[in-house]
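Per the working numbering, the very first residue in the sequence shown carries number 5; after that it's consecutive.
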Amino acid sequence: MSIALKTVLSDSAAMQAEIGRICALAPVIPVITIDRVEDAVPMARALVAGGLPVLEVTLRSDAALEAIAAMAAVPGAVVGAGTVVDPSQVERVKAAGARFAVTPGAYPALMDTLLDSGLPFLPGGATPAEMMALLARGIRHQKLFPATVVGGTAMLKAVAGPLSSIRFCPTGGITPENAPEFLALPNVVCVGGSWLTPKSLVKAGDWAAVEALARKAAALR
Ligand code: 3PG
């Protein structure tokens, strides 16, 4: 094996180890879409104080990159970028201080860029074929998306045997009510969800209520 190939493989293994470590930090990753940069720091503080240090900020608003940078400075926060759909976004989120990336789905050019970037990432898969394509590239940590649409816990149970090395973060349709059923599965390392930062609480700046939601979520497993 050439030295160059060995280096890529060992980097990819290190990236898998790191995303696995991040996913194991808490049972729930809040999926955040932020409209006002000034909400970033108090929101991150509330979520971390509630016991959810891993934060996914989606690239769905103009404030996202600035919010990632601001949240990344909050002690204890491990901030990543979500809704990464285009290779051109990868360097930008890295530069903003993201420690990981999350993608709703996977395709070769995006996976190539992420693997080359050294940024740990969690790519979305929805079918066994998609999961296998990721696994063939050494990507064992995957997001099942949209989880409740593509079979939820039944899908996860069905792939646990044939694709036993994959560890999932199901996201999309996860609620405080159904999260325990997902988290009880051996191939689920954490879940993602947007319920931690409801627009009404964020708009009102009710960070105590956000912290309370986080605290409940942190106790789910
Ligand atoms: C998303 O990308 O929007 C996440 O999957 C969150 O989904 P949810 O709003 O159903 O939690």
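All C-beta atoms, glycine included, are put in the ideal place defined by N, C-alpha and C. Computed from a predicted structure; not experimentally measured.
query                                                                                    : result
Three-state secondary structure (DSSP) of Ala164                                         : helix
Selected residue, minimal CA-CA separation from Ala71, among Ala105, Leu51, Ile36, Ile26 : Ile36
Three-state secondary structure (DSSP) of Leu187                                         : helix
Reduced DSSP secondary structure (H/G/I, E/B, other) of Glu60                            : strand
Assigned exposure category for Thr179 - 16 Cβ within 10 Å defines buried                 : exposed
Leu148, enclosing beta strand (DSSP E) - first and last residue                          : 145-148
Beta bridge counterpart(s) of Val32 as assigned by DSSP                                  : Val195
Any non-hydrogen atom of ligand 2 closer than 7 Å to Thr62 Cβ                            : Ligand 2 is absent from the structure shown, which contains only ligand 1.
Backbone CA spacing between Ala183 and Gly86 [nearest angstrom]                          : 20 Å
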